[in-house]
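Below: the structure, in structure tokens.
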Amino acid sequence: MEPKKATVLVFFILAQWTIAQVKIGQNPNTIDAASLIELESPNKALVLTRLSNAQMEAITPLNGALVYNTDTNCIHYFNATQWNSLCNDTDFSFTDNGDDTITLTDADGNTITFNGAEESISTLNDNGDGTFTYTDEAGSQTVIQTQNLSTNGEAGNISINNGNTIVLNVNDADADTENEIQNLEFNSGIVSLTQDPDNTIIDLSAYDTNAADDFSGSYNDLVDIPTDIADGDNDTTYTAGNGLTLTGTEFTVNNSEIAPDWTNITRIPTNLDIDSTDDFSGSFNDLNDVPIDIADGDNQNLTNVLANGNDAGNSKITNLAAPTDNQDAATKTYVDNLPRVFMGTFRITATGIQSITGIPFRPSSVTFTAYANVDDFDLNADNGIRNNDRGIANAFGNMKGFAQDNGGSIAEQVIYIGGSGNSINDISRYASSSHAIGLRYSNQNGDNLGLTTATITSFDTNGFTLNTDNFTDAVIVIFEAYR
Numbered sequence: 001m002e003p004k005k006a007t008v009l010v011f012f013i014l015a016q017w018t019i020a021q022v023k024i025g026q027n028p029n030t031i032d033a034a035s036l037i038e039l040e041s042p043n044k045a046l047v048l049t050r051l052s053n054a055q056m057e058a059i060t061p062l063n064g065a066l067v068y069n070t071d072t073n074c075i076h077y078f079n080a081t082q083w084n085s086l087c088n089d090t091d092f093s094f095t096d097n098g099d100d101t102i103t104l105t106d107a108d109g110n111t112i113t114f115n116g117a118e119e120s121i122s123t124l125n126d127n128g129d130g131t132f133t134y135t136d137e138a139g140s141q142t143v144i145q146t147q148n149l150s151t152n153g154e155a156g157n158i159s160i161n162n163g164n165t166i167v168l169n170v171n172d173a174d175a176d177t178e179n180e181i182q183n184l185e186f187n188s189g190i191v192s193l194t195q196d197p198d199n200t201i202i203d204l205s206a207y208d209t210n211a212a213d214d215f216s217g218s219y220n221d222l223v224d225i226p227t228d229i230a231d232g233d234n235d236t237t238y239t240a241g242n243g244l245t246l247t248g249t250e251f252t253v254n255n256s257e258i259a260p261d262w263t264n265i266t267r268i269p270t271n272l273d274i275d276s277t278d279d280f281s282g283s284f285n286d287l288n289d290v291p292i293d294i295a296d297g298d299n300q301n302l303t304n305v306l307a308n309g310n311d312a313g314n315s316k317i318t319n320l321a322a323p324t325d326n327q328d329a330a331t332k333t334y335v336d337n338l339p340r341v342f343m344g345t346f347r348i349t350a351t352g353i354q355s356i357t358g359i360p361f362r363p364s365s366v367t368f369t370a371y372a373n374v375d376d377f378d379l380n381a382d383n384g385i386r387n388n389d390r391g392i393a394n395a396f397g398n399m400k401g402f403a404q405d406n407g408g409s410i411a412e413q414v415i416y417i418g419g420s421g422n423s424i425n426d427i428s429r430y431a432s433s434s435h436a437i438g439l440r441y442s443n444q445n446g447d448n449l450g451l452t453t454a455t456i457t458s459f460d461t462n463g464f465t466l467n468t469d470n471f472t473d474a475v476i477v478i479f480e481a482y483r
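Going letter by letter, the sequence shown gives residues 1 to 483 in the numbering used here.
Take a look at the structure:
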């Protein structure tokens, strides 16, 4: 055969093959014109490729590819992004019953029938004269009078035109018991306020309320004044002898002229000082032998003490009370025995504010650890759903975060990494410099299914306060607090 003729023959054979139809089984010569491949048999079945879940997820075929999954015992089809199980698809149908009703039937055979009959639309028309006409679905009409709300100026009175008049009870109308008009009353020594919700009183009954016996402050109102003073002059005299003089308010004694003589006066104290030359004036400047550290007149402080040496010679300060203020001194034993680290747990179940207490000090920083789907304090089980689930309940991952008091501001950071128990085609990552707690739940492709995040709003005297601003699933958090 010549080469040219052979080439033409091969061309026609291939052309016939490209448009051929295939019939497998019985009646091989009978095939529908629109069929590319047909199967026909009364006792044989088409068996699809049988793959495990891992084998199926490892391939990326063309759209519409079919396999039988031996793990799920179901046929799966590929839709360009993922494999989908036909066992999970929902089948329902609508049926027109021919009597203005439609019946919805779901995959389980449950039915719901809807009435599809036509209805008239109700209307409300403004008549322009202060009335409205309402027409319902049946065509019935009702005329509605408009009403005006007004008051005649009297307290508590409101009226409605084409309606009725009501009197409002405005007794504590705002339900606030702390903004009422009150009177200050004084009765039998008791001071009180009317309409006081706390019934606070001030008892003054023990004080003198009788002004009639008060002293005016005038010398003329004094009683029982001694005779020598009552006349108001300064002529006090010593009649027993000479040697005594009174000039104004100064009284002097001349022992040499006094009569009787000083030596004849009895019952004089033996230690009576009669030498005025050695009397102390009361002035600091007249003191003798003042220590050098005090003589300069300044206050003694730590600098003065250290200037004379800083060696205590192993002397101890005893009977020192436990410190209460930040500036108080403390013993080494007291400081060494103070707790510096405290560990605990708490559970996040919703968004909102949550106070964590019970820490024996005010923390300056806290670290946090949590694991996705560890949502109770005692667990020993799987996720409680079917295998290969792609939802939140089958997500896993762990996070680490912290919050730290930076002297008025709180620094935070959290990091998280996780995946899905279905399979791992991609990982789930999350990090935030404005949160101390953060978990990102994902499916096998790393897609975000939801966040649970929280931030620390304050460090308190015995704990801290957090605000959960995103919530997807409950989680147990372990924390370490540092003094």
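Note that the Cβ used here is the ideal one computed from N, Cα and C, for glycine as well.
Alpha-carbon spacing of Ala321 relative to Ile181, whole angstroms: 50 Å
From the DSSP output, in three-state form, read off Ser428 for me. strand
Given 8 Å as the limit, is there contact between the segment 346-364 and the segment 457-472, that is, 3 or more CB pairs closer than that? yes
Is the beta carbon of Val374 sitting closer than 8 Å to the one on Val475? yes
Leu379 - DSSP class collapsed to helix/strand/coil: coil
Assuming Gln55 is part of the alpha helix (DSSP H), what are its boundary residues? 53-57
Note down, in chain order, each residue of its chain lying with its Cβ closer than 6 Å to the Cβ of Thr194, except the 5 sequence neighbours on either side. Gln182, Asn183
Spell out the partners DSSP gives Glu185 in its beta bridges. Ser192
Have a look at the DSSP bridge pairing and note the partners of Val143. Thr133
Taking the C-alpha atoms as reference points, what is the distance between Thr239 and Asn220? Note on Thr239: pLDDT 45, under 50, position unreliable in the model; the coordinate value appears next. When rounded, the distance between both Cα atoms is 29 Å.
Under 8 Å between C-beta atoms of Gly397 and Tyr416: yes
Measure the alpha-carbon distance for Asn288 versus Phe280 and round it to whole angstroms. 11 Å
Near Ala403, which residues of its chain fall below 6 Å by C-beta distance, leaving aside the five closest residues on each side in sequence? Val366, Ile410, Glu412, Ala436, Ile456
Roughly how many whole angstroms lie between the Cα atoms of Ala33 and Gly25? 17 Å
Extent of the continuous beta strand (DSSP E) to which Lys23 belongs: 22-25
Please report the distance separating the alpha-carbon of Gly368 from that of Ala80. Sequence check: residue 368 is Phe here, not Gly. Distance between the alpha carbons of Phe368 and Ala80: 40 Å.
Cα-Cα separation between Gly64 and Asn73, rounded to whole angstroms: 19 Å
Cα-Cα separation between Ile478 and Phe361, rounded to whole angstroms: 18 Å
Hey, Pro339 and Phe459: beta-carbon distance below 8 Å or not? no
On the criterion of 16 or more Cβ atoms from any shown chain inside 10 Å, does Ser35 qualify as buried, or is it exposed? exposed
Beta strand (DSSP E) segment containing Gly419, residue limits: 410-420
Decide if Leu439 is buried, meaning its Cβ has at least 16 other Cβ atoms within 10 Å, or exposed. buried
For Ile353, the residue or residues it bridges with in DSSP: Asn467
Just reading off the beta strand (DSSP E) that Ile348 is part of, what are its end residues? 341-348
Would you mind giving the Cβ-Cβ distance between Thr142 and Tyr134, rounded to the nearest angstrom? I have them listed as a contact below 8 Å. 5 Å
Could you please give me the residues that DSSP links to Asp460 through a beta bridge? Gly463
Would you decide whether Met343 is buried or exposed? Buried here means 16 or more other CB atoms lie within 10 Å of its CB. exposed
Gly401 to Leu86 span [Cα, whole Å]: 42 Å
Under 6 Å Cβ to Cβ from Arg483, same chain only, skipping five residues before and after it: list those, please. Arg340, Phe361
DSSP puts Asp213 in a beta bridge; with which residues? Beta-bridge pairing links Asp213 to no other residue.
How would you call Ile356, buried or exposed, if buried means at least 16 neighbouring beta carbons within 10 angstroms? buried
Could you pull the DSSP bridge partners for Cys87 from this structure? Cys87 is not bridged to any residue.
If Asn53 sits next to Asn69, beta carbons under 8 Å apart, how far is it from one beta carbon to the other, in whole angstroms? 6 Å
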